[in-house]
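Student: I have a structure I would like to understand better, so I am pasting it below and will then ask my questions one at a time.
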Amino acid sequence: MLPSASDANATLVVSLRPSGDHAAMRRAAGACGLRVAALSPWKIMVSDTAPTRAALRAACGAQIVIVTSPAAARAAARLTPLRPRRGQSWCAIGHGTAQALRRAGIARVEVPDRMDSEGLLALPGLREVRGTSVGLLTAPGGRDQIAPALRRRGAELLRADVYERVPLRLSTTMIARLRASPDPWLLPVSSGEALQRVLAQAPPDLARRLRDARVLAASARIAEIARACGCRDVRIAPGPAPRQLLAAAC
Numbered sequence: 038m039l040p041s042a043s044d045a046n047a048t049l050v051v052s053l054r055p056s057g058d059h060a061a062m063r064r065a066a067g068a069c070g071l072r073v074a075a076l077s078p079w080k081i082m083v084s085d086t087a088p089t090r091a092a093l094r095a096a097c098g099a100q101i102v103i104v105t106s107p108a109a110a111r112a113a114a115r116l117t118p119l120r121p122r123r124g125q126s127w128c129a130i131g132h133g134t135a136q137a138l139r140r141a142g143i144a145r146v147e148v149p150d151r152m153d154s155e156g157l158l159a160l161p162g163l164r165e166v167r168g169t170s171v172g173l174l175t176a177p178g179g180r181d182q183i184a185p186a187l188r189r190r191g192a193e194l195l196r197a198d199v200y201e202r203v204p205l206r207l208s209t210t211m212i213a214r215l216r217a218s219p220d221p222w223l224l225p226v227s228s229g230e231a232l233q234r235v236l237a238q239a240p241p242d243l244a245r246r247l248r249d250a251r252v253l254a255a256s257a258r259i260a261e262i263a264r265a266c267g268c269r270d271v272r273i274a275p276g277p278a279p280r281q282l283l284a285a286a287c
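Given below as structure tokens:
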């Protein structure tokens with residue numbers, strides 16, 4: 038079982054979100070009486086270049102526009118005003134991404150029930166896309182499953198990498214804090230790559246404690262990655278949003 042409410046003050050949530058992007062996790066944890074330690078493996082940097090802006094304009098003119106993360110939605114909105122066109126469909130990989138798009142001006146956004154690449158690709162509007170222009174607002178790296186699948190289906194893919202993940206060294210201050218923090222720990226994971234990067238950088242004693250933490254994985258695929266990384270106590274959360282990841286802890 039997860040720690041009970043009476044143990045909440047002793048429970049630490051280790052957040053692997055990008056630098057500066059821990060606010061939602063802190064709110065979700067605070068609602069449960071949990072503490073948060075931010076251990077960021079990277080930061081988000083908007084790709085503000087002429088080629089990126091040109092690619093973004095082309096992608097936003099497609100018949101279907103797919104946005105793969107809240108960071109992609111925010112980065113795109115910083116680079117150009119987002120406005121839906123007549124007959125155009127916008128798809129988001131999850132509710133957080135859809136919310137970011139709505140704040141940017143896209144009122145109607147389709148979101149899959151299963152909020153991952155497989156769920157997105159199963160949307161009815163993306164099953165038959167031969168000859169259809171599809172804009173993809175995303176970033177380099179990650180699984181990159183969506184673009185190849187759309188190409189195999191015959192879509193005319195217009196990709197815009199609107200941000201990049203810049204690797205960071207783990208904070209020595211946070212490492213010291215974690216070493217001084219007692220168990221139990223909760224480790225919400227919405228990115229397998231983030232978990233892998235943190236474990237690769239962490240000192241052996243800290244990596245061991247992270248592997249001993251209860252992992253709250255955003256999907257079955259991420260749960261498999263966590264187990265492959267040596268994590269033993271892995272649970273699958275209802276979804277990737279912070280409140281979903283921590284739902285079982287409240």
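Counting in this note's numbering, the sequence shown tops out at residue 287, every number present.
All C-beta atoms, glycine included, are put in the ideal place defined by N, C-alpha and C.
All values reported here derive from a predicted model rather than from experimental measurement.
#1: Nearest CA to the CA of residue 189: which residue from 174, 163 and 277?
#2: Give me, in chain order, the residues of the same chain whose beta-carbon lies closer than 7 Å to that of residue 240; leave out the 5 immediate sequence neighbours on both sides.
#3: Check residue 41 in the structure and name its three-state DSSP category.
#4: Kindly provide the ranges of any alpha helix (DSSP H) runs that are 4 or more residues long and lie completely inside the stretch 211-252, ordered along the chain.
#5: Using the three-state DSSP reduction, which class does residue 187 fall into: helix, strand or coil?
#6: Might you give, ordered along the chain, the residues of its own chain that have their beta carbon closer than 7 Å to the beta carbon of residue 73, omitting 5 neighbours on each side?
#7: So within the stretch 112-159, which uninterrupted beta strand (DSSP E) runs reach at least 3 residues, ignoring any that extend past its ends?
#8: Which of helix, strand or coil does DSSP assign to residue 98?
#9: In terms of DSSP beta bridges, what is residue 206 paired with?
#10: Using the Cβ count rule (16 or more neighbours within 10 Å means buried), how would you classify residue 43?
#11: Along the chain, where does the beta strand (DSSP E) that runs through residue 75 open and close?
#12: In or out: residue 250 buried (at least 16 other Cβ within 10 Å) or exposed?
#13: Of all the options 223, 104, 227 and 234, which has the alpha carbon lying nearest to the alpha carbon of residue 203?
Tutor: Looking at the atomic coordinates:
#1: Here residue 189 corresponds to residue number 152 of the sequence shown, with the count starting at 1. Out of 174, 163 and 277, 163 has the C-alpha closest to the C-alpha of residue 189.
#2: Position 203 of the sequence shown, counted from the start, is the residue given in the question as residue 240. Result list for residue 240: 212, in chain order.
#3: Position 4 of the sequence shown, counted from the start, is the residue given in the question as residue 41. The predicted position of residue 41 is uncertain, since its pLDDT is 43 and thus under 50; a value taken from the coordinates is nonetheless stated next. DSSP places residue 41 in coil when its eight states are reduced to three.
#4: 229-238 and 241-249
#5: Working through the sequence shown from its first residue, we reach residue 187 at position 150. DSSP places residue 187 in helix when its eight states are reduced to three.
#6: On the sequence shown, position 36 is the one that residue 73 refers to. Hits under 7 Å: 50, 52, 59, 62, 63 and 66.
#7: 126-129
#8: By 1-based counting over the sequence shown, the position of residue 98 is 61. DSSP places residue 98 in coil when its eight states are reduced to three.
#9: Taking the first residue of the sequence shown as position 1, residue 206 is located at position 169. BP columns for residue 206 are empty, so no partner.
#10: Reading the sequence shown from its first residue, position 6 is the one you call residue 43. At residue 43, the pLDDT of 40 sits below 50, so the modelled position is not reliable and the matter cannot be decided from this model.
#11: To locate residue 75, count along the sequence shown from 1; it is residue 38. Counting along the chain, the beta strand (DSSP E) containing residue 75 begins and ends at 72-75.
#12: Residue mapping note: residue 250 aligns to position 213 of the sequence shown, counting from 1. With 16 or more other Cβ atoms within 10 Å, it is buried.
#13: Within the sequence shown, the letter at position 166 stands for residue 203. Of 223, 104, 227 and 234, the residue nearest in Cα terms is 234.
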